[in-house]
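To keep things clear, I will list the structure first and then write my remarks on it.
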Amino acid sequence: MRKVDKLTRRSWLVRIGRFFLASLAALLALPRKGLARDIDYFSGTDFVGKNRAGKFKKFYINYWKPHRRISADRWSLEVSGLCRRPGRYTLDDLLKIPAREQESRLKCVECWSARAKWSGFSFAELERRVEPMAEAVGVVFYCADAYVEHLSLETLRHPRTLMATHMDSAPLSDEHGFPLRVIAPMKYGYKNPKAILKMEFVSQEVWGTWSKIGPYSPDGTILPGTDHPLEFDKEPRRIAGGEIRNY
Numbered sequence: 001m002r003k004v005d006k007l008t009r010r011s012w013l014v015r016i017g018r019f020f021l022a023s024l025a026a027l028l029a030l031p032r033k034g035l036a037r038d039i040d041y042f043s044g045t046d047f048v049g050k051n052r053a054g055k056f057k058k059f060y061i062n063y064w065k066p067h068r069r070i071s072a073d074r075w076s077l078e079v080s081g082l083c084r085r086p087g088r089y090t091l092d093d094l095l096k097i098p099a100r101e102q103e104s105r106l107k108c109v110e111c112w113s114a115r116a117k118w119s120g121f122s123f124a125e126l127e128r129r130v131e132p133m134a135e136a137v138g139v140v141f142y143c144a145d146a147y148v149e150h151l152s153l154e155t156l157r158h159p160r161t162l163m164a165t166h167m168d169s170a171p172l173s174d175e176h177g178f179p180l181r182v183i184a185p186m187k188y189g190y191k192n193p194k195a196i197l198k199m200e201f202v203s204q205e206v207w208g209t210w211s212k213i214g215p216y217s218p219d220g221t222i223l224p225g226t227d228h229p230l231e232f233d234k235e236p237r238r239i240a241g242g243e244i245r246n247y
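The sequence shown begins at 1 in my numbering and counts up one residue at a time.
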């Protein structure tokens, strides 16, 4: 005769534990493709969004929301707020501004980073054209993905801050912020707005999109800690804070 065991609380917990361990082992045994998290949903479409697949494994793409790819012919940068000469600038207008180039690393709060060669123009070149008023302390950036970010004039005037139009000797791709983005290498990636549509000079600090909803400060300066550079297979490296210049 088959013996029926009495189901006690302890035996029930043991069975649950065994089931959990067996399920976990089965999950870990699945082929990696069955667990693929990095799927390219946007290549070949009219939209761009977060992407870590294919070529973007070496430089991750983060967007607040997917957005339609920007047409260079239809795009213009609106500059408004506390400046004496507000206006609009086409991409051709911006490409006529004296350019400079730098190599710098973009560091994300997700702990990864990646290096690129960027080119574009200094914020001072734009200031000369629009003439900010004395009461202006910063600029609010409005982006194609509905992302909003504020950067102080002090940060924008930093010699390593760049209004970038090119990356690795080519025009910015849609994924990397075409046609215009900010590169401020001493700040985390969320303080580097891209696919910019509008700049507004303001008289007080504004909390940007991530600063309002996440555990991120409105300052965004890179803190001491650990970095996982993508081009080195995320091998952890200690960083001292500020711009990463060691590798």
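Glycine is no exception: its CB is placed at the ideal position from the N, C-alpha and C atoms.
First and last residue of the uninterrupted beta strand (DSSP E) at residue i
i: I239; result: R237 to I239
i: T255; result: The structure shown does not extend to residue 255, since the chain is modelled only from 1 through 247, so no value can be given for it.
Beta-bridge partners of residue i, as assigned by DSSP
i: C83; result: P132
i: E149; result: F141
i: A170; result: M167
i: E101; result: S119
i: K107; result: S113 and Y188
i: N51; result: I61
i: H67; result: V48
i: L126; result: None; L126 has no bridge partner.
i: S76; result: T90
i: L162; result: I183
i: T221; result: K187
Nonlocal neighbours in the same chain, by C-beta distance under 6 angstroms from residue i, ignoring five residues either side
i: V130; result: V79, C83 and R85
i: L30; result: Because L30 sits at a pLDDT of 44, beneath the cut-off of 50, its placement in the model cannot be relied upon, and the following sentence gives the value as read from the coordinates. If we look at L30 and ignore the five residues flanking it on each side, it has no Cβ neighbours.
i: F59; result: A114
i: G208; result: V148, E149 and H150
i: A164; result: W118, G120, R181 and I183
i: Y41; result: none
i: Y247; result: none
Range covered by the alpha helix (DSSP H) that runs through residue i
i: D93; result: L91 to L95
Cut-off 7 angstroms between Cβ atoms - residues of its own chain near residue i, not counting five sequence neighbours on either side
i: G177; result: K194 and A195
i: S211; result: S217 and P218
i: S76; result: R88, Y89 and T90
i: E175; result: V48, N51, F56 and I61
i: I39; result: A53
i: E125; result: I97 and P98
Close beta carbons around residue i, own chain, < 8 angstroms, minus the five adjacent residues each side
i: H228; result: C111, W112, S113, K234, E235, P236 and R237
i: I244; result: R105, K107, S113, P185, I222 and D227
i: L24; result: Because L24 sits at a pLDDT of 42, beneath the cut-off of 50, its placement in the model cannot be relied upon, and the following sentence gives the value as read from the coordinates. Nothing listed; no residue qualifies.
i: I70; result: A144, D174, F178, P179 and A195
i: G189; result: N62, L106, K107, C108 and V109
i: M133; result: L82, C83, R84 and F201
i: E205; result: V137, G138, H150, S152 and P218
i: D46; result: R68 and R69
Chain C contact for residue i (CB, 9 angstroms cutoff)
i: S71; result: The chain inventory of the structure shown lacks chain C, comprising one protein chain alone.
Quiz item: Below 8 angstroms, can you find three or more Cβ-Cβ pairs linking the segment 167 to 180 to the segment 117 to 137?
Solution: yes
Exercise. Mind listing, in chain order, the continuous beta strand (DSSP E) runs of no fewer than 3 residues lying wholly within the segment 174 to 217?
Key: 181 to 183 and 196 to 202
Quiz item: Counting pairs of Cβ atoms below 8 angstroms between the segment 42 to 54 and the segment 66 to 74, do you hit three or more?
Solution: yes
Quiz item: Should the segment 142 to 151 be regarded as contacting the segment 95 to 102, the criterion being three or more beta carbon pairs within less than 8 angstroms?
Solution: no
Quiz item: Quick one: any contact between the segment 208 to 225 and the segment 238 to 245, if contact means 3 or more CB pairs under 8 angstroms?
Solution: yes
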